[in-house]
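Colleague: As they're listed, the protein sequences go chains A and B.
Everything in the first sequence is counted per the numbering used here, starting at 1 for the first residue and increasing by one.
Everything in the second sequence is counted per the numbering used here, starting at 1001 for the first residue and increasing by one.
We put the CB at the ideal spot given by N, CA and C, even for glycine.
Small disclaimer: the values here were computed from a predicted structure and weren't measured.
Following this message is one structure expressed as structure tokens.
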Amino acid sequence: AQSVAQPEDQVNVAEGNPLTVKCTYSVSGNPYLFWYVQYPNRGLQFLLKYITGDNLVKGSYGFEAEFNKSQTSFHLKKPSALVSDSALYFCAVRDNSGYSTLTFGKGTMLLVSP
Amino acid sequence: ETGVTQTPRHLVMGMTNKKSLKCEQHLGHNAMYWYKQSAKKPLELMFVYNFKEQTENNSVPSRFSPECPNSSHLFLHLHTLQPEDSALYLCASSQTSGRDQETQYFGPGTRLLVL
């Protein structure tokens, strides 16, 4: 079975500071990894994904994530946070077998203070 | 969000009512999904349709009945729901081949309240 852990319910950061939202995963075989963001009363928006290739993945709105196979992690990062980045962030994983569906973490609320 | 639309955006219904949620995707995808999002719980996958065929049903109670008449439309028919079914219901779609396969695109959701 595949699973995702987002160990922090909430991350607080000041505007202009770097931010990290943590994600670790468990999957048999090679993982496909995703980050989504959800603003209040909205659906999930795709931010970025890792399928294969370069371990550092760049996505929308200046976000990036680093795939670390040995630590089974896929942390989301941004060098300089904006107040408008405040939202709920979800990490998701599936294996590459072609038969599994996405498993989502429980989400991490990011609060960026002015 | 204009790629995947959902109607209605908000719905209040009694436990004896029958209602339907509608999802439409304008992305040319061939897979569609229903998810349930409840407060403080991970996203729960309910149903998956691939080329209009249901490929997954995650032990969802029969009071939820999906319908996929074509690859662009997905419905969720609701009847005799319980208050604990109150949640945000999200629809998503994806392509199962090609460069953007695996990425699911979500609609804005229907906020359902069961009284």
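1) Among Ser28/A, Ser84/A and His75/A, which one has its Cα closest to the Cα of Gln2/A?
2) Does the beta carbon of Tyr1105/B sit closer than 8 Å to a beta carbon anywhere in chain A?
3) I'd like to know if Leu76/A contacts chain B, where contact means its C-beta is closer than 8 Å to some C-beta of that chain.
4) Listing by chain order, which chain A residues have their CB less than 8 Å from the CB of Leu1076/B?
5) Does the contact criterion of 3 or more C-beta pairs under 8 Å hold for the region 17-34 of chain A versus the region 88-108 of chain A?
6) Round the Cβ separation of Gln6/A and Cys23/A to the nearest angstrom and send it over; I've been treating them as touching at under 8 Å.
7) Report the neighbours of Tyr32/A on chain B: residues whose CB is nearer than 8 Å to its CB, in chain order.
8) So what does Phe90/A bridge to, in DSSP terms?
9) Which residue or residues does DSSP assign as beta-bridge partners of Ser26/A?
10) I'd like to know whether the C-beta of Pro1061/B is nearer than 8 Å to at least one C-beta of chain A.
11) Roughly how many angstroms separate the alpha carbons of Ser1072/B and Gly105/A, rounded to a whole number?
12) Taking all protein chains shown into account, do 16 or more other C-beta atoms lie within 10 angstroms of the C-beta of His1029/B, making it buried, or fewer, making it exposed?
13) Are the beta-carbon atoms belonging to Leu82/A and Val112/A less than 8 Å from one another?
14) Mind checking who Phe104/A pairs with in its DSSP beta bridge?
15) Using CA coordinates, which residue listed in Thr108/A, Glu64/A, Leu102/A and Leu110/A is at the minimum distance from Tyr1033/B?
16) Quick check on Ser1072/B: does DSSP put it in helix, strand or coil?
17) Does the Cβ of Pro1108/B have 16 or more other Cβ atoms within 10 Å, making it buried, or fewer, making it exposed?
18) Can you check whether the C-beta of Thr101/A is within less than 8 Å of a C-beta belonging to chain B?
Modeller: Working from what's here:
1) Along the first sequence, read from residue 1 onward, the residue named residue 2/A stands at position 2. Gln2/A has its Cα closest to that of Ser28/A, out of Ser28/A, Ser84/A and His75/A.
2) Position 105 of the second sequence, counted from the start, is the residue given in the question as residue 1105/B. By this cut-off, Tyr1105/B is an interface position.
3) Working through the first sequence from its first residue, we reach residue 76/A at position 76. Closer than 8 Å: no.
4) On the second sequence, residue 1076/B is found 76 positions in, with the first residue counted as 1. The premise fails here: Leu1076/B is roughly 15 Å from chain A at the closest Cβ pair, so nothing lies under 8 Å.
5) Yes, the region 17-34 of chain A touches the region 88-108 of chain A.
6) The residue given as residue 6/A occupies position 6 in the first sequence. The residue given as residue 23/A occupies position 23 in the first sequence. In this structure Gln6/A touches Cys23/A by the C-beta definition: roughly 6 Å separates them, less than 8 Å.
7) On the first sequence, residue 32/A is found 32 positions in, with the first residue counted as 1. Result: Glu1102.
8) Taking the first residue of the first sequence as 1, we reach residue 90/A at position 90. In the DSSP output, where bridge partners are listed per residue, Phe90/A has Tyr36/A.
9) Reading the first sequence from its first residue, position 26 is the one you call residue 26/A. Partner(s): Ser3/A.
10) Indexing the second sequence from 1 puts residue 1061/B at position 61. It does not; no Cβ of chain A falls within 8 Å.
11) Position 72 of the second sequence holds residue 1072/B. Position 105 of the first sequence holds residue 105/A. Rounded to the nearest angstrom, the two C-alpha atoms are 28 Å apart.
12) Counted from its first residue, the second sequence places residue 1029/B at position 29. Classification of His1029/B: buried, given that the 10 Å Cβ count is 16 or more.
13) Counting from one through the first sequence, the residue named residue 82/A turns up at place 82. Counting from one through the first sequence, the residue named residue 112/A turns up at place 112. Contact: yes.
14) Indexing the first sequence from 1 puts residue 104/A at position 104. Per DSSP, the beta-bridge partners of Phe104/A are Ala92/A.
15) Along the second sequence, one-based indexing puts residue 1033/B at 33. Checking every option, the nearest Cα to that of Tyr1033/B belongs to Leu102/A.
16) Along the second sequence, one-based indexing puts residue 1072/B at 72. When DSSP states are grouped into helix, strand and coil, Ser1072/B belongs to the coil group.
17) Along the second sequence, one-based indexing puts residue 1108/B at 108. Classification for Pro1108/B: buried.
18) Against the first sequence, residue 101/A aligns to sequence position 101. With 8 Å as the cut-off, Thr101/A counts as an interface residue toward chain B.
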